[in-house]
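Anchor point for the sequence shown: position 119 equals 338 in our numbering, and the numbering is continuous, going up by one each time.
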Amino acid sequence: MKQVTAAVIEKDGKILIAQRKAGDALAGKWEFPGGKLEPGETPEACLRRELAEEFGVDTEIGAFVCASRFEYKHTHIELLVYRARHVAGEFRLNDHAAIAWVAPGELKGYDLSSADIPVIDHLLGK
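In structure tokens, the structure reads:
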């Protein structure tokens, strides 16, 4: 099982989600951004690195939110979700088709990756 990190980045009452680009195994799906842990890397270090690589931004990784496990056809993952704060840099699309800042109550209106759906329930207190 692969361990993958994801960030809940909030700004002005909205949460950042990103759409996977064409050619990806989950192309077109929305997700909380993050990525795969490298050997010997902490989840927090991984998430900070991934956000820098994917968006060109510096972040501060905060509290653990929740974990979610899902078995896709192509891989089985454990998603480790943390709060993150945008510190510096303008968001660029280095690895995604789009980003959106979404009110928490509107997250379920997006076609999110299966592993990300339980995170919404956690954020909404369900």
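By construction, the Cβ of each residue, glycine as well, lies at the ideal position given by its N, Cα and C atoms.
My assumption, with CB atoms under 8 Å, is that residue i sits in contact with residue j. Please give the rounded CB distance.
{"i": "V338", "j": "V300", "result": "5 Å"}
{"i": "N313", "j": "F274", "result": "6 Å"}
{"i": "H293", "j": "A237", "result": "With a Cβ gap of about 19 Å, H293 and A237 do not count as contacting."}
{"i": "S287", "j": "L270", "result": "Not quite, the Cβ-Cβ distance comes to about 19 Å (not below 8 Å), so this is no contact."}
Let's test the definition: count the other Cβ atoms within 10 Å of the Cβ of residue i and tell me whether it reaches 16, buried, or not, exposed.
{"i": "G253", "result": "buried"}
{"i": "D340", "result": "exposed"}
{"i": "R311", "result": "exposed"}
{"i": "T261", "result": "exposed"}
{"i": "I197", "result": "Residue 197 cannot be examined here, being either before or after the span of the chain that is shown, 220 to 345."}
Using the C-alpha atoms, what's the distance from residue j back to residue i?
{"i": "K233", "j": "V227", "result": "10 Å"}
{"i": "V276", "j": "L342", "result": "23 Å"}
{"i": "E303", "j": "E263", "result": "A quick correction: the sequence has Ala, not Glu, at residue 303. A303 and E263: Cα-Cα distance of roughly 9 Å."}
{"i": "A246", "j": "A316", "result": "9 Å"}
Grab the span of the alpha helix (DSSP H) containing residue i for me, first residue to last.
{"i": "R267", "result": "P262 to F274"}
Specify, as a first and last residue, the run of the beta strand (DSSP E) that residue i falls within.
{"i": "L342", "result": "First-last for L342: I336 to L342, but that is the alpha helix (DSSP H), not the beta strand (DSSP E)."}
{"i": "R239", "result": "K233 to R239"}
{"i": "Y195", "result": "Any answer about residue 195 is impossible in this case: the structure gives the chain only from 220 up to 345."}
Considering only heavy atoms of the ligand GDP, does any lie closer than 7 Å to the CB of residue i?
{"i": "I339", "result": "This structure does not include the ligand GDP; it has no bound ligands of any sort."}
Spatial neighbours of residue i within its chain, please: C-beta separation below 6 Å, excluding the five flanking residues on both sides.
{"i": "L256", "result": "Q222 and C265"}
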